[in-house]
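**Q** Here it is: the structure, laid out below.
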Amino acid sequence: MEYLLLIIGFVLLIKGADFFVEGSSSLARFLKIPSVIIGLTIVAMGTSAPEASVSINAALAGNNDIAVSNIIGSNIFNGLVVVGICAFISGFKTNKDILKRDMPVNILITAILCVMIADGRLSRLEGILLLAGMIFYIVNMILSALKTRSSCPDEKSMPLYKSLIFIAGGLVAVIFGGNLVVNNASQIAVSFGVSQNFIGLTIVAIGTSLPELVTSIVATRKGDSGLALGNAIGSNIFNILFILGMSATISPLHILSESVIDCAILLVSGILLFVFAYTRKSMNRTEGAICVLSYIGYTAYLFIR
């Protein structure tokens, strides 16, 4: 039964992502703002809903292993696999705003997180500081959208109500499909005797990142690389600032030494992604393949560990 529900979950993810991207792109055209802004905000937050659900519920239950490893594992997956596969499918030019603002912010907050958890815990005060950073980031996004609004071309879009229906319906399908995949994949893994921390870093992390992966791939295939890259980077920022911030504010988190190492790996992967995106102001198929192979190497390391 688990395998059947797993397949149903994947179908919901794929079809939901298709509607979600279509509605989000149309909304960007309707509002006359760049799709990258939608990708960094609405799409990023929407596709991060599974991570929020898993980590915040884990924090409430006092299950720190899942709460922290899920976010770190998801962010590594987003940076190396989501962006890597999109680049491999179709090399794309890097949006200058993401390159100058969002990718450096992603590296900075990851470095800050590494410092915060180096002592083996993420306190309530540190959680509040992360949430404050999220508020600042969102305000900055709103101001950026207002500045760029008038310079956007007036392209044909769906009616507003239809765009919102596509976004809402697609998001529900994506989240529900993601939950089906995570829950059933975890049950299958437990039956094979896999540890909880490993499940958090791999199966749960990958499963909760499937909305980002599928949404970004669909956006890339539709020629909207700005939304695809914005979704992945925006999700990583949202995951650290809001989800870990909220989790730690609810209940201070005790951090495993392995998670500190994984956070350092996340920082290195963020820098690698920035270097690839910065050179020639684009990402090509070779760089995408290197990113995906790096993740495979990381997964092999987790098996050995």
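For the sequence shown, the working numbering begins at 8 and goes up steadily by one.
Here a beta-carbon is modelled for each residue, glycine too, at the ideal position from N, C-alpha and C.
1. May I ask you to verify whether the segment 113-121 touches the segment 261-277, counting CB pairs closer than 8 Å and requiring at least 3?
2. Kindly indicate which three-state DSSP category Val18 falls into: helix, strand or coil?
3. Do Ile44 and Ser151 have their C-beta atoms within less than 8 Å of each other?
4. Hey, out of Leu236, Phe249 and Ser254, whose CA is closest to Phe95's CA?
5. Alpha carbons only, please: which of Asn291, Ile78 and Phe183 is nearest the one belonging to Val267?
6. Please list, in chain order, all residues of the same chain as Ile303 whose beta carbon is under 6 Å from its beta carbon, the five residues on each side excluded.
7. Would the beta-carbon of Phe37 fall within 8 Å of that of Leu138?
8. Can you check which of these residues, Ser216, Ser32 and Tyr144, is closest to Ser62 by C-alpha distance?
9. Can you tell me the Cα-Cα spacing of Ala74 and Thr306, whole angstroms?
10. Which of helix, strand or coil does DSSP assign to Ser289?
11. For the putative contact between Leu87 and Ser301, defined by C-beta atoms under 8 Å, what is the C-beta separation to the nearest angstrom?
12. Any chance the segment 24-36 sits against the segment 172-186, with 3 or more Cβ pairs inside 8 Å?
**A** In this structure, then:
1. These segments touch.
2. As a working note, residue 18 is residue 11 in the sequence shown. Here Val18 sits in helix by DSSP.
3. Taking the sequence shown and counting its residues from 1, one reaches residue 44 at position 37. Taking the sequence shown and counting its residues from 1, one reaches residue 151 at position 144. Taking 8 Å as the Cβ cut-off, Ile44 and Ser151 qualify as a contacting pair.
4. Against the sequence shown, residue 95 aligns to sequence position 88. Answer by Cα proximity: Leu236.
5. Looking up residue 267 in the sequence shown gives position 260. Minimum Cα distance to Val267 is reached at Ile78.
6. Residue 303 sits at position 296 when you count from the first residue of the sequence shown. Apart from sequence neighbours up to five positions away, no residue of its chain approaches Ile303 with a beta-carbon distance below 6 Å.
7. Stepping through the sequence shown from its first residue, residue 37 is reached at position 30. Stepping through the sequence shown from its first residue, residue 138 is reached at position 131. No. Outside cutoff.
8. As a working mapping, residue 62 is identified with position 55 in the sequence shown. Of Ser216, Ser32 and Tyr144, the residue nearest in Cα terms is Ser216.
9. To locate residue 74, count along the sequence shown from 1; it is residue 67. To locate residue 306, count along the sequence shown from 1; it is residue 299. Roughly 19 Å between the two C-alpha positions.
10. Translated into the one-based positions of the sequence shown, residue 289 becomes position 282. Note: Ser289 maps to strand in three-state DSSP.
11. As a position in the sequence shown, residue 87 is number 80, starting the count at 1. As a position in the sequence shown, residue 301 is number 294, starting the count at 1. The pair is a contact, with the Cβ atoms about 5 Å apart (cut-off 8 Å).
12. These segments touch.
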